[in-house]
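K.L.:
Encoded as structure tokens, here's the structure I'll be asking about.
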Amino acid sequence: MIKDFPRSALIWLLLSMTSVLLPLQTHIPLWTALLFLIVVGWRWMMHLGRFPFPDTKIKVLVVILGIAAVLISAKGRFHLESATTFILVASLLKVLEMKTQRDGYIVIFLCFFLLAVSFLFEQGILTALYSIAAVWLLIAALVGLHQTLFNDHQIKQLFSAAAKTSAQVLALSLPIMLLLFVLFPRLGPLWSLNLQSGKAKTGLSEEMSPGDIAELSKSDELVFRATFIDERPPATEWYWRALVFDRYKEKNGRAVWSASGVFDQTDWFPQSWQPKMQAGVFDYRIIQEASNHKWLFGLRGVSAMEAGIGMKENDLIINKTKLHQRKEYLVRSKPSIAIADQGLRPFVRNQSLQLIQTSNPKTRLLAQQIMLEQASDQARLDFTLSYYRTHSFSYTLQPTPMQENDIDSFLFDNRAGFCAHFSSSFVFMMRAMNIPARIVTGYQGGELNPDSGHITVRQYDAHAWAEVWIENKGWVSVDPTAQVAPQRIRLGLRESLQDGDEFLPGNNFSLIKLSNFQFLNDLRLRLDELNYQWHQTVLNFNKDKQGNFLKQWLGRNSLKKSLYWLAGLFCGFFLLIAIALLWSGPKRKLTRIEKSLRSLDKRMQIQGLKRDEYEGLNDYSMRLQDSFPSEAQSIERLFEQLQQYLYVKAQTRNANTDKNERALAKYIRQLGKRLTKDKSIHHR
Amino acid sequence: MTSLYQRSKLTIQKRLAKRWISWLNRRIPASREVTLNQRSIFIVPSKTGWFFCLLLVLLLITAINYQNSLIYGLTFWLFSVALSAMIFTYRNLSGLTIKTSQKVSGFSGDSIEIPIRISDSRRSHQGLVFSWPQQTSATITSEIHKNEEREILIPYPLNTRGQLKTERLRLESRYPFGLYKSWTWLQLKTPGIIFPKPIYSPYIAGEGEGNDEPRDANLQVGNDEFIGLRSYQKGDSLKHIAWKYLAKGKGLLSKEYDNQQLSMQWLDWHSLHGQGVENKLSLLTGWVLQAEKEGRAYGLRLPNTAIAPNTGDLHRDYCLSQLALFGKQEQGID
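Respectively, the protein sequence lines represent chains A and B. Under the working numbering, the first sequence is numbered contiguously, ending at residue 709. Under the working numbering, the second sequence is numbered contiguously, ending at residue 337.
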């Protein structure tokens, strides 16, 4: 059965399709936007009758072109983006030839799937709200497909009917959706998915050369949120560790820091070390955004607290698998702990002293000098730190680029740089003085939301600092940047660069830039809190959260009980519908007159004079008059009145109608009684 | 063995069909007016509905594998919409009143349009598809507004002569989401009569007629002479109405012919020998139509009745219905 859909449905379809494709556009190749415009324009011209529908030749050509474009833009790699592009192009091509109701279904179903796919890219509260509108449009398009056009003038009416029906069904479905969301048992992934986003995430990388972290400072993308459970350490101690770099190597003409791999031994929870809960030990929860890496974040003295999380010797925690999805986890830290106070193993020591032999001669010379002047490692460290303070170094995110002997030119020529410069030059000098040292990268600080108490860490909070081995103390954290730009540590990047243009350059529309306006800043913090709650309660509603939630409401054995509940609710739902149907079937209430006529019918049935189904009132009146000659007159009069009443009723109703109705009904009953007693009945 | 098995299977099928029909007759009895309610509406998921289910399964798997709460939410919402859609689809038929309209008539073998009236005072209905299940003829799609009454003409092929007795009319609707189809089987008692299929052939004069009646009616053909106009009287043949005068606004006038008496014709059952009953009726029907067309007065003689000669549409219809109901008197004509 091929049914063309009405004109209004096309508008709905194109609208809903646009709403689904719009948010995806930032994640897929730009040419799809062009294709989208062409397809919509073409289809609209077909709708207006200016272009014909494409024939088979054109269709085949377009499909081949579409597939080729997808393959070329995927560059032979199969990832989430290319898969999305493929589905999207398929649905666009379907739009082109869309004509019948069936085509409409296919496009709508594909759009629903694309909407779900877009949730793999974005899940913020604004995305969710936007998607409600998209779902509404899609359902309205579905309704539009089934509308039969009264005529073209009523197209507005059709629109409002579809919009209303869609809103109604969505509202009606909301309670069941919420129940299912809470009660439906959350399972682990059914099979491991290799289809992940191929887009490189901004964020820390596993290598660092001076200049890398400045790139990150241009991004205000969310990295993670942290909430301290009881006590919160002061903001200057918020050094969130992610990576430790102890290898220093030349790569493509540049000196690059990376991890050597001497610390790859991992203790998995619960075998790993755990400090006892006491003063100076902090518990905190972190909701980390997808990073496509394994590393997790923690303060100094970190320990793994959950299954699937392991601890490495260099005071870092990692996840068992790469974080392709957002992850929430609990961490415990004891920042005051001495790391590896039991001593330094020889190969760790060697790794932490390794340098590129011929590079940066001036720096080496300076290091030799300090080494000879100062007596102890601690004194050498202190002196080196003060060197930055006393030689008018400055903190900037836009340093002049340095190539060969980068540390020499930083220390002696430019004297302006950011954390990556400070930390790498510092570690270089320490190593040159034969003191084991390494670079730690991660994030520093974060914005505390005063209402909810959570800390939001964004990419521009990325930081690099150093750890130095001091005998009897273990690894000691040192932040050379703090010598030059203490406000960077105390207040964070945003505050410290507030007046300049350096903060988020080229990102003029970032909300964070508006934080100077009190009102807007409040609004921004409010939105941030909302998003945090959204992440914590909705997006991270996982197996554990569901278990806790259900335990709270249903007590023990909650999973089994939740299934019973689910089954019970469904039975209840259907039972309710059944009851509602039985209760309020479309039985029309009989009017008074109809009731009285029915009673007359019953009486007459006994006499064998029931009114036939086909019999008009006039004929029946005549028949009754024939049968009851003595009552003929009153029968005639009554039926005349009755007919008049039935006719008038359809035209107007006024205050008297009710009274007349009552009187008439009474007469009919009386007549019925009289006729039953009438012995003069005259059977033909 | 196999044939026995097949036979028993066939009878089971037949028995089931019989049962189904008798159940349906009890559930939705034949009547002139039906208001649809939960007793008369059936509803099952449509093919599209099953595809939607497939989509939901796909979405659920995606949600589970990617551990994505928003996809879970979307899946559950759409699932919930699919459940609610049942109520919406049901509502699109529920409360709809379907009535028969005026009497219809036609000849066996022809197709007529059966008028039905649909109305609802409470809500409007969309995408109502009427069809006869056993006919492959086109379906009729309609819709009504709240408080509107609309007459729909549904083509129906006429088969056997007699009182019109249509099969069950299927009314289906998938509005608003297409995920379910809801339908009903309507047995409407549309008043109507099916005349025998006419066979045109020359008249054969009846046997044993009165002497003064001419033996060969054909002799009279062409003798009709127009003598003037008189005012139209009920029962005058439409063929004799002076349409030109009517168009000029001079009122309804009938042409008068001087030889109406002469061209009187008895159409006699008994004059037809050696033909089957149905064939005889068909021939008589053809004669009636012919005679009416020629404007002659004709009478009809059947084994059980005789209708005195006369002319006019009323007379013709009476004759035709006598022919239609011949031998089917148990149904009676009121």
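Positions of the beta carbon are idealized from the N, C-alpha and C atoms, including for glycine.
#1: Which of helix, strand or coil does DSSP assign to Arg709(A)?
#2: Quick one: which unbroken alpha helix (DSSP H) runs of 4-plus residues sit fully inside the segment 544-593 of chain A? Chain order, please.
#3: Report the start-end ranges of each alpha helix (DSSP H) in the segment 235-312 of chain A that is 4 residues or longer and not cut off at the edges.
#4: Could you tell me the distance, in whole angstroms, from the CA atom of Val291(B) to the CA atom of Arg319(B)?
#5: Using a Cβ cut-off of 8 Å, pull out every chain A residue sitting near Thr144(B), in sequence order please.
#6: Starting from the C-beta of Leu287(B), find all residues in its chain whose C-beta is less than 6 Å away, skip the five residues before and the five after it, and write them out in chain order.
#7: Is the shortest distance between the beta-carbon of Thr103(B) and the beta-carbons of chain A less than 8 Å?
#8: Which residues of chain B have a Cβ atom closer than 9 Å to the Cβ of Ile112(A), listed in chain order?
#9: Please state if the CB of Glu152(B) and the CB of Arg120(B) are separated by a distance shorter than 8 Å.
#10: By alpha-carbon positions, which one of Pro32(B), Asn282(B), Tyr203(B) ends up nearest to Gln190(B)?
#11: Listed from N- to C-terminal order along the chain, which residues in the segment 152-164 of chain A have their beta-carbon within a distance smaller than 8 Å of any beta-carbon of chain B?
#12: Nearest by alpha-carbon distance to Leu156(B): which of Pro205(B), Trp135(B), Phe91(B) is it?
#13: Tyr183(B) bridges to which residues according to DSSP?
#14: Counting Cβ pairs, one atom from each stretch, are 3 or more of them under 8 Å apart for the segment 326-335 of chain A and the segment 282-301 of chain A?
#15: Cβ atoms of Ala441(A) and Thr421(A): under 8 Å apart, would you say?
#16: With 16 other CB atoms within 10 Å as the buried threshold, where does Ser417(A) fall?
#17: Of all the CB atoms in chain A, is at least one closer than 8 Å to the CB of Ser87(B)?
#18: Is it buried or exposed for Gly225(B), if we count other Cβ within 10 angstroms and need 16 for buried?
#19: Look at the alpha carbon of Val306(A) and the alpha carbon of Ala260(A), and state the distance between them as a whole number of angstroms.
#20: Please report whether the beta-carbon of Trp216(A) lies at a distance below 8 Å from any beta-carbon of chain B.
#21: Helix, strand or coil for His488(A), going by three-state DSSP, please let me know.
#22: According to the neighbour-count rule (16 or more other Cβ atoms, all chains shown, within 10 Å of its Cβ), is Leu700(A) buried or exposed?
#23: Have a look at the DSSP bridge pairing and note the partners of Val465(A).
#24: Does the ligand ADP have even one heavy atom less than 7 Å from the beta-carbon of Ala457(A)?
#25: Using the beta-carbon of each residue, which ones in chain B are nearer than 8 Å to Ser198(A)?
#26: Would you call the CB atoms of Ala294(B) and Leu182(B) closer than 8 Å?
#27: With a 10 Å radius around its C-beta and 16 neighbouring C-beta atoms as the bar for buried, classify His273(B) as buried or exposed.
#28: Kindly indicate the opening and closing residues of the beta strand (DSSP E) around Gln138(B).
#29: In whole angstroms, what is the alpha-carbon distance linking Leu203(A) and Gly76(B)?
#30: Just to confirm the assignment, what range does the beta strand (DSSP E) spanning Phe110(B) have?
#31: For the beta strand (DSSP E) holding Tyr301(B), just list the boundary residues, first then last.
#32: Sorted by chain position, which residues of the same chain lie with C-beta nearer than 7 Å to His359(B)'s C-beta, five sequence neighbours on each side aside?
#33: Report yes if the C-beta distance between Leu96(B) and Ile44(B) is below 8 Å; otherwise report no.
#34: Using a cut-off of 8 Å between C-beta atoms, extract the partners of Asn28(B) located in chain A.
#35: Along the chain, where does the beta strand (DSSP E) that runs through Asn313(B) open and close?
#36: Beta-carbon of Thr466(A) versus every beta-carbon of chain B: anything under 8 Å?
P.N.:
In short:
#1: Counting from 1 along the first sequence, the entry for residue 709(A) is found at position 684. Reliability of the predicted coordinates at Arg709(A) is poor, the pLDDT of 48 falling under 50, and the value obtained from them is presented with this limitation in mind. Coil, per DSSP.
#2: 568-579
#3: 237-241
#4: For the purposes of this step, residue 291(B) is taken as residue 288 along the second sequence, with counting starting at 1. For the purposes of this step, residue 319(B) is taken as residue 316 along the second sequence, with counting starting at 1. If I take the Cα positions, the gap works out to 7 Å.
#5: Along the second sequence, one-based indexing puts residue 144(B) at 141. The contacting residues are Thr173.
#6: The residue given as residue 287(B) occupies position 284 in the second sequence. The answer, listed in chain order, is Leu270, Leu326.
#7: Within the second sequence, residue 103(B) is the residue found at index 100, counting from 1. Chain A contact via Cβ: absent.
#8: Translated into positions along the first sequence, residue 112(A) becomes position 87. Chain B residues near Ile112(A): none, gap ~11 Å exceeds 9 Å.
#9: Residue numbering aside, residue 120(B) sits at position 117 when the second sequence is read from its first letter. Residue numbering aside, residue 152(B) sits at position 149 when the second sequence is read from its first letter. Cβ atoms of Arg120(B) and Glu152(B): closer than 8 Å.
#10: By one-based count along the second sequence, residue 190(B) stands at place 187. Nearest to Gln190(B) by alpha-carbon distance, out of Pro32(B), Asn282(B), Tyr203(B), is Pro32(B).
#11: Thr152, Ala153, Ser156, Val160, Ile164
#12: What you label residue 156(B) is simply residue 153 of the second sequence in a count that begins at 1. When each option's Cα is compared against that of Leu156(B), the closest is Trp135(B).
#13: Indexing the second sequence from 1 puts residue 183(B) at position 180. Tyr183(B) pairs with Pro48(B).
#14: yes
#15: Indexing the first sequence from 1 puts residue 421(A) at position 396. Indexing the first sequence from 1 puts residue 441(A) at position 416. Yes, they are a contact pair.
#16: Reading the first sequence from its first residue, position 392 is the one you call residue 417(A). Looking at its Cβ environment, which holds fewer than 16 other Cβ atoms inside 10 Å, Ser417(A) is exposed.
#17: Here residue 87(B) corresponds to residue number 84 of the second sequence, with the count starting at 1. Yes, Ser87(B) lies at the interface with chain A (some Cβ there is under 8 Å from its Cβ).
#18: For the purposes of this step, residue 225(B) is identified with residue 222 of the second sequence, where counting begins at 1. Caution applies to Gly225(B), whose pLDDT of 44 falls short of 50 and renders its modelled position unreliable; the model cannot decide the point.
#19: Counting from 1 along the first sequence, the entry for residue 306(A) is found at position 281. Counting from 1 along the first sequence, the entry for residue 260(A) is found at position 235. In a straight line, the C-alpha of Val306(A) is about 15 Å away from that of Ala260(A).
#20: As a working note, residue 216(A) is residue 191 in the first sequence. Cβ-Cβ to chain B under 8 Å: yes for Trp216(A).
#21: Working through the first sequence from its first residue, we reach residue 488(A) at position 463. In the structure shown, His488(A) sits in a strand (DSSP, three-state: E or B).
#22: Sequence index remark: in the first sequence, residue 700(A) carries index 675 (1-based). Burial call: buried.
#23: The count along the first sequence starts at 1 and reaches residue 465(A) at position 440. Val269(A), Trp490(A).
#24: Ligands displayed in this structure: none; no statement on the ligand ADP is therefore possible.
#25: Working through the first sequence from its first residue, we reach residue 198(A) at position 173. In chain order: Trp80, Ser83, Val84, Leu86, Ser87.
#26: Here the question's residue 294(B) lines up with position 291 in the second sequence. Here the question's residue 182(B) lines up with position 179 in the second sequence. Contact flag unset, no.
#27: Taking the second sequence and counting its residues from 1, one reaches residue 273(B) at position 270. Per the 10 Å Cβ criterion, exposed.
#28: As a working mapping, residue 138(B) is identified with position 135 in the second sequence. That residue, Gln138(B), is in no beta strand (DSSP E); it is neither H nor E in DSSP.
#29: For the purposes of this step, residue 203(A) is taken as residue 178 along the first sequence, with counting starting at 1. For the purposes of this step, residue 76(B) is taken as residue 73 along the second sequence, with counting starting at 1. Across the structure, Leu203(A) and Gly76(B) are spaced so that their CA atoms are roughly 8 Å apart.
#30: Looking up residue 110(B) in the second sequence gives position 107. Per DSSP, Phe110(B) belongs to the beta strand (DSSP E) from 107-110.
#31: As a first step, residue 301(B) must be located in the second sequence, where it is residue number 298. 301-304 is the span of the beta strand (DSSP E), which, as asked, contains Tyr301(B).
#32: An answer regarding residue 359(B) cannot be provided, because it is not within the stretch 4 to 337 covered by chain B.
#33: Counting from one through the second sequence, the residue named residue 96(B) turns up at place 93. Counting from one through the second sequence, the residue named residue 44(B) turns up at place 41. In this structure, Ile44(B) lies closer than 8 Å to Leu96(B) by Cβ.
#34: To locate residue 28(B), count along the second sequence from 1; it is residue 25. Those within 8 Å of Asn28(B) in chain A number zero; the least Cβ separation is about 16 Å.
#35: Numbered from 1 along the second sequence, position 310 holds the residue referred to as residue 313(B). 309-313 is the extent of the beta strand (DSSP E) around Asn313(B).
#36: Within the first sequence, the letter at position 441 stands for residue 466(A). Chain B contact via Cβ: absent.
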